[in-house]
Structure formats: C-alpha cells, structure tokens
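Residue numbers (my numbering): 5 to 678.
Structure, as structure tokens:
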Amino acid sequence: VKKLSAQYNITARTGVMNGRVTLDPPRANSTSNITISFKISNPLAKNAHTITLIFPSGFDVPPSIGASLITVGGSPLLDDPDVNSGTRTITFVTPRDFSSGANVEVIISKDAGIVNPAKAGKYKLTIYTSQDNQPVDTAPFDIIKESQIKDVLASVDPPTVGKVARWEITFKTGTLGGISTGGKIWIEFPNGTVVPGSIPNGTVTVDGVTAVTQRVLSLKIEITSPKDILPNSTVKIVITKDAGIKNPTSPSSTYKVKVSTTAEKTPVESAPFTIYQPPVSSLKIEPDKPDGLSGFYITKPTITLSASSNYDPSPRIYYHWDTAKDVPYTGPITPPEGVHKLYYHAEDRFGNIEDEHVREFKVDTKPPVIDLIQPEDGSFVKDKQVKVIISSPEDLLDAKINGKKMIKGAQGRWSLTVALKEGENNFVIKARDLAGNEAEISFTVYLDTTPPTVKIISPKMGGLVTTRSTTVIGETDPNSKVHIKVSAITGIIYEDDTFADNQGKFQFTLTKLPPGFIGITATAVDPAGNEGKVVSNFIHKETILLWIGKPEAMIDNEKTYVDPDNKNVVPFILPPGRTMVPIRFISEAFGAKVLWDNATRTVTIIWGSTTIKLTIGVYTAKINDKDVKLDAPPIIREGRTFVPIRFISEAFGAQVLWDGTERKVTIIYPPSGS
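If you want it as structure tokens, here you go:
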C-alpha cells in the first residue's frame with residue numbers, strides 16, 4: 005500500500021458536488037456492484053491526489069481491497085487503497101488526471117466484498133478529495149430487502165362471461181426481479197375463472213417463446229421461464245384460447261390477476277379489467293306460429309332480429325342459413341323454401357360475442373304437383389271400373405278422388421279403383437302435401453260398352469269395279485282404329501291399319517287389283533276397346549287389250565307395254581294362223597306368279613289354287629297336273645315365252661275376243677255373263 009501524504013494546501017473552502025450512488029443490486033445484506041459519481045471543484049493529478057469514501061453505518065467494509073477491483077474514470081487503481089474497516093473508510097490515489105469541474109465515476113466491484121446493511125432504508129455516502137477542505141454527502145440511495153413487480157396489466161379476448169379466451173398479461177420486473185432461465189412466474193386468476201387441470205404445450209409464451217405451464221392451484225398456474233429476464237424489464241405473457249381457460253360467468257369491471265416470480269414472490273395485482281355480459285339477440289316471427297301442418301309455414305314468415313347490451317347501445321347482429329357464411333343483419337328476412345336452419349348472434353363494440361342461436365324453419369308455400377298417370381283425360385274405356393293412378397315428386401299427406409281416399413303406393417304413387425257409368429264420368433282429385441298445401445286436378449273418362457258398327461260404303465257389296473285402282477270408303481265410330489284385310493284369288497293383297505276421323509269416316513286405296521273376286525274384312529276397335537267387324541266384297545272385271553305387232557297394251561284403259569324393257573316384244577301370228585301372246589305379261593296382269601326353270605326350259609305360273617306348267621316346244625301343258633293340248637307349242641321370241649291365245653281362255657277361264665280389222669286381242673276376266 006502506497007503511503008499517503010497528509011500535507012496538502014487548500015486555497016479555498018471547496019467540496020465535491022452532485023454525489024450519487026447506485027447499487028446493483030441494492031439488496032440488503034448482500035454484495036453489490038457500487039457506482040459512485042460526483043463532480044470535482046479542483047483538479048486531481050494522477051498519482052498525487054487522493055479520493056476518500058466513507059460508507060455509512062451498517063455497511064461492512066473488508067480490511068483490504070485489491071487495486072483491480074476499483075476503477076476511477078474507467079482506469080483501475082495503480083496501488084491497493086488504504087482501507088479502515090472500523091470507520092468504513094477507503095482512500096486511494098487517482099490513477100489518472102481530472103480537470104477542474106470534471107465528472108468522476110468510481111466503480112467498486114461486488115468482488116471487493118463490501119456487504120450492504122442488513123436493514124433496508126435510505127443511506128448516504130460521504131466523499132472528499134485531497135483538493136477539498138469539506139467532506140460532502142451524496143444523495144440518498146436505497147437499500148432494499150426485495151423488489152416488487154409493477155405495472156401489471158391484463159387483457160382478455162373475448163372479454164365475455166363464460167367464454168374460453170385469449171389472455172395477454174404484461175408486467176415489469178423490479179430492481180431485484182431478474183429471472184433466470186428455469187425460474188418461475190405465477191399467475192393467479194380472479195374468482196370464477198375456470199382453469200383446466202392441464203395446460204396443453206404450445207399454448208403459453210413468454211416474450212414470444214413457448215413456455216411449459218402447469219396448474220398448481222385451482223386458479224393459479226406456474227410458468228417456467230424459457231429465457232433470462234433482466235431486472236426492470238417488461239415481460240409479455242400470452243395464453244392462447246387453446247389453453248382452455250374460461251372467463252368468470254359473472255360480469256364485473258373489477259377483475260384482477262396477481263403476478264409473482266421466484267425473484268419477486270409478493271403477488272402484485274393487475275389494474276382492474278372488465279368481463280362483460282354479452283349482448284342478447286332475439287327474433288320475432290310473423291306469423292308467430294306455423295300456419296301449415298307438421299310445423300310448416302305455408303305462407304313465408306317475416307323474421308325480425310333485435311339485440312340489446314348493457315354496454316353498447318347498438319350491438320351488431322350477424323346471421324346465416326345452414327352452412328353459409330355470416331352476413332350482417334340489416335332488416336327483416338324471410339327463410340328460403342324447404343327445411344333450413346337460421347343461425348344468429350350479436351356482437352358488441354368490446355368484442356363480446358353472444359353464443360349462437362339456431363332456429364329451424366320449415367317453409368313450403370308451393371302446392372304439390374300432381375300428375376295423372378292413368379287413365380288419360382278424355383279417354384274411353386269399356387270396363388265398368390277403372391284404376392286411377394296419380395304420382396307426385398314430393399311426399400303427399402293424403403289424396404282423394406271425388407271425396408274418396410286414395411291408397412298410397414311406392415315411388416310417390418297413389419291409386420284407387422272407381423266405378424263408371426255409361427257415358428261421361430267426371431272426377432276431381434284433391435291432394436295435400438305434408439305442409440298442408442292443396443292441389444287439385446280434374447279429368448273425364450267415358451264408359452263405352454257398345455261395339456262399333458262398321459260399314460263399307462264403297463264399293464258396294466257385290467259391286468263391279470272395272471279399274472285396277474279403287475278407293476274403299478267405310479264408316480264406324482269416330483276415332484276408331486280399323487284393321488283392313490283384302491284378299492283375292494291370289495291370296496291377301498292388302499293388310500293395314502287406318503283410323504276413322506272425328507265423323508267416323510275411313511278410307512284406303514287399292515292399286516294393281518288382280519281380276520275377279522275381291523273380299524274385304526274391316527275390324528274396328530273404338531277408343532274404349534270395343535270391337536266391331538264387317539265383311540264385304542266386289543268384283544274386279546279386268547280388260548286387257550293387245551295389238552298384233554304393237555308393243556303397246558291396255559289394262560282397264562291404262563296404257564302400258566307388253567315389255568317396258570324391250571319394245572320388240574309384240575304379239576304375233578304364227579303360221580298357219582295361230583295368234584301368239586306373251587304369257588308373262590298376261591299372267592302378271594292377272595296377278596299370277598311366274599317362275600322360269602332354265603334347265604327344263606319350263607315356265608310355271610301360280611295363280612291362286614291353279615298351277616300351270618308350259619315347256620318350250622312341247623304341245624302339252626299341265627294345269628293342276630292335268631294335261632292340256634296346245635294347238636301350238638310355246639316358243640321364245642325376244643327372250644319372252646309366247647303361247648297360243650286359245651290357251652289363255654282354257655288356263656285362266658278368261659274370255660278372249662279377236663278383232664280382225666284392228667288385229668286386236670281382247671282378254672276379259674271374269675268373262676261377261678259369269
């Protein structure tokens with residue numbers, strides 16, 4: 005230790021100024037980093053002038069302190085200080101120069117071993133230099149046993165009674181309130197709060213860092229700090245909704261939380277905060293009760309929503325139908341058709357949200373659709389009972405026909421068998437859907453048990469027709485279906501259906517009539533299904549004209565050709581005077597079927613029950629297997645088979661006339677007079 009000189013000159017009465025002491029930490033009965041600052045009046049010379057510190061009673065100053073544990077103006081002492089532990093005085097030579105009026109800062113490390121007083125309170129330290137003639141006390145400084153948390157604030161979202169909420173709690177640590185990683189923070193919630201038995205991981209953060217949290221009492225949680233927290237620093241704790249902490253169920257503006265830590269164990273209350281009663285919404289319906297069946301409205305109701313709040317004069321209302329998104333309520337609404345749920349709630353300006361209400365509305369304002377399946381409206385039936393069937397795409401409550409209940413079946417069908425009277429029968433079906441909407445349809449059914457009368461007006465029964473085409477005209481009941489069958493010697497030549505018109509008239513045309521007997525059968529079925537039949541007939545008298553050497557021919561005054569494809573095919577006279585005619589032309593004019601067998605050079609003609617066979621060059625023909633002598637054999641000319649005219653008379657039973665002047669052959673069937 006350097007020996008200090010006791011000789012120094014003081015030219016004026018001076019002392020240090022603005023003395024201040026800071027302890028870190030200022031905890032009673034513990035060591036601290038001590039910072040002493042002051043302003044000097046006179047200059048201090050390095051390694052010449054001294055500074056003396058006198059600690060107040062209660063401090064424990066050790067007998068020696070190492071030079072490195074004290075700095076002056078940022079410079080460590082060059083020599084150990086002179087220490088008097090009895091008087092708690094430390095004197096040391098300044099390690100650097102200071103000019104007049106300079107600020108001096110002395111820092112004594114806590115490792116120097118100076119122990120703070122055991123008693124908390126305000127203390128002063130005395131300072132003077134070898135350039136001063138007057139010791140000066142510093143401003144008072146505090147020694148405290150412990151510090152307290154301060155500035156505790158709590159906010160809740162939503163601040164609504166009974167709601168699971170997000171909590172945000174902030175506070176400031178005190179002077180002694182530093183918290184190391186792993187230290188504890190305790191939060192005690194107000195009475196009425198519901199804290200779950202376990203707090204899920206990830207739901208609590210300290211200054212944004214996730215912290216492990218557990219419930220230690222019914223209203224108290226313990227948070228393990230995930231980080232170091234400095235003294236006099238602001239701490240922000242966030243507890244998310246997923247933690248499951250539920251607000252008290254009673255509204256109040258005086259709720260508080262209490263916060264304490266391992267460093268500052270005295271719980272400190274927060275500023276009061278408010279838990280609100282949520283707004284209350286209600287609805288009014290006009291009409292107030294369903295006016296249909298099964299809880300249905302059959303007239304669209306008008307819904308008016310309203311809300312009230314103890315804190316907000318104009319709470320907002322939101323609503324939606326079924327799974328749609330919320331929309332603001334602006335005025336009366338009406339529900340859509342069908343069964344739908346209305347969800348609605350109110351919110352106030354403080355963020356309080358009412359629990360959602362739900363109300364189901366069953367609305368059906370449309371009458372049911374009824375389809376008549378059978379019978380058709382305006383239809384005719386022949387049975388004295390008819391099964392009436394209706395269908396509807398929606399469920400029906402009931403259906404009645406002329407006041408009688410119909411029977412429900414599958415696939416939306418209803419039926420009932422009803423009796424009919426002869427003639428017109430009118431029906432009214434009334435049906436109701438499940439909501440009570442009513443629909444009505446009407447229809448008419450005619451009972452007709454009388455078979456229709458059928459007549460052939462033209463040609464008359466047994467009449468004579470001399471043309472190859474004729475129109476057959478008949479009459480029966482109006483709108484009847486008529487089946488026509490016409491037969492000749494060659495078989496059925498016409499068969500088809502036609503319909504009588506509204507006056508009962510029907511007609512059809514026959515073309516290329518074969519000669520001879522023509523039979524007609526007309527079977528009519530009226531709209532009711534009754535059947536009537538008539539049989540008639542007429543005679544087609546056919547006249548064929550041929551000219552020797554000419555390709556032209558006439559059938560019933562219709563001009564044609566012996567062979568339309570070969571104009572060289574003409575009737576001719578075979579010496580010594582046999583008139584030869586083409587057998588295919590004659591046969592087809594009679595409606596016969598002609599076959600050619602090239603191997604035997606035989607022509608086969610089938611005409612009704614008659615079969616004729618002719619062989620080229622042979623004087624004998626066969627008619628139904630009977631031999632018939634020819635006065636000239638069949639020959640082929642221009643690729644066509646020709647036979648004697650006399651054979652036509654024998655084979656077909658036709659009348660054959662010869663006009664020598666015109667060289668004309670006339671064939672008539674049936675023959676005149678037959």
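Just so it is clear, CB atoms sit at the ideal spot from N, CA and C, and this is done for glycine as well.
Whole-angstrom distance between residue j and residue i, CA atom to CA atom
| i | j | result |
| --- | --- | --- |
| Val390 | Asn506 | 25 Å |
| Lys293 | Thr334 | 23 Å |
| Asn13 | Asp83 | Bear in mind that the predicted position of Asn13 carries a pLDDT of just 47, short of 50, making it too unreliable to give a figure here. |
| Thr197 | Ile241 | 18 Å |
| Pro29 | Ala122 | 14 Å |
| Thr39 | Glu273 | 33 Å |
| Phe589 | Ile493 | 18 Å |
| Val632 | Ile671 | 20 Å |
| Lys114 | Thr142 | 20 Å |
| Thr502 | Phe300 | 54 Å |
| Pro674 | His544 | 8 Å |
| Phe594 | Ala528 | 31 Å |
| Ala36 | Asn251 | Looking at the sequence shown, residue 36 is not Ala but Ser. About 44 Å. |
| Asn205 | Thr244 | 11 Å |
| Ser286 | Thr303 | 22 Å |
| Ser45 | Asn22 | 11 Å |
| Val660 | Ile652 | 8 Å |
| Ser222 | Ser298 | 50 Å |
| Ser540 | Thr547 | 23 Å |
Expected contact under 8 Å - CB spacing of residue i and residue j to nearest Å
| i | j | result |
| --- | --- | --- |
| Val367 | Gly342 | 7 Å |
| Ile183 | Ile147 | Their Cβ separation, rounded to whole angstroms, is 22 Å, which puts Ile183 and Ile147 out of contact at 8 Å. |
| Val25 | Leu180 | Val25 to Leu180, Cβ: 17 Å. No contact. |
| Val216 | Phe175 | Not a contact, Cβ separation roughly 19 Å. |
| Val208 | Lys231 | About 13 Å; that fails the 8 Å criterion. |
| Ile321 | Ala350 | 5 Å |
| Val3 | Ile118 | This structure cannot speak to residue 3, because the chain is shown only from 5 to 678. |
| Pro648 | Met584 | 6 Å |
| Ala158 | Phe354 | Not confirmed; about 15 Å, so no contact. |
| Arg31 | Phe59 | 16 Å between Cβ atoms; not a contact. |
Assigned secondary structure, residue i (DSSP; H/G/I helix, E/B strand, else coil)
| i | result |
| --- | --- |
| Met21 | strand |
| Ile203 | coil |
| Arg588 | helix |
| Leu346 | strand |
| Ile649 | helix |
| Ser72 | helix |
| Lys485 | strand |
| Phe656 | helix |
| Asp246 | helix |
| Thr475 | strand |
| Ser151 | coil |
| Gln507 | coil |
| Lys6 | Because Lys6 carries a pLDDT of 45, less than 50, the predicted location of this residue cannot be relied on, and no value is offered for it. |
| Asp28 | strand |
| Ile58 | strand |
| Ser312 | strand |
| Gly523 | strand |
| Ile411 | strand |
| Phe63 | coil |
| Ile169 | According to the sequence displayed, residue 169 carries Ala and not Ile. The answer is coil: DSSP assigns Ala169 none of H, G, I, E or B. |
| Gly495 | strand |
Cutoff 6 Å; reference residue i; Cβ partners in own chain excluding five residues on either side
| i | result |
| --- | --- |
| Ala532 | Phe384, Val385, Lys386 and Asp452 |
| Tyr132 | Thr56 and Pro139 |
| Lys626 | Lys617 |
| Lys591 | In the sequence as presented, Lys is not what sits at residue 591; that position holds Ser. Val598 and Ile609. |
| Lys288 | Thr308 |
| Pro282 | Thr164, Asn356 and Glu358 |
Contacts around residue i, its chain only, beta-carbon distance under 7 Å, and the 5 residues preceding and following it disregarded
| i | result |
| --- | --- |
| Gly186 | Thr228 and Ser229 |
| Ser419 | Lys391, Val392, Ile393, Met410, Ile411 and Gly413 |
| Glu642 | Asn570, Asn572 and Val573 |
| Thr614 | Ile627 and Asn628 |
| Ala658 | Ile652, Ile671, Ile672, Tyr673 and Pro675 |
Cutoff 8 Å; reference residue i; Cβ partners in own chain excluding five residues on either side
| i | result |
| --- | --- |
| Lys459 | Gly478, Glu479, Thr480 and Val538 |
| Lys154 | Phe175, Lys176, Gly178 and Val272 |
| Val5 | Here Val5 scores only 44 on pLDDT, less than 50, and its place in the model is too uncertain to base an answer on. |
| Pro291 | Tyr301, Thr303 and Pro305 |
| Pro397 | Val373 and Gly416 |
- Segments of 4+ residues assigned as alpha helix (DSSP H) that fall wholly inside the segment 537-604: The qualifying runs are 587-593.
- Please list the segments of the alpha helix (DSSP H) lying wholly inside the segment 180-232, counting only runs of 4 or more residues, in order along the chain. none
- Task: Output the residue ranges of the beta strand (DSSP E) runs that lie fully inside the segment 80-145 and measure 3 residues or longer, sorted by chain position.
- Result: 86-88, 93-97, 107-112, 125-127 and 130-133
- Task: Could you tell me which uninterrupted beta strand (DSSP E) segments, each at least 3 residues in length, are contained entirely in the segment 418-466, listed from first to last along the chain?
- Result: DSSP runs (the beta strand (DSSP E)) wholly in the segment 418-466: 427-437, 442-451 and 459-462.
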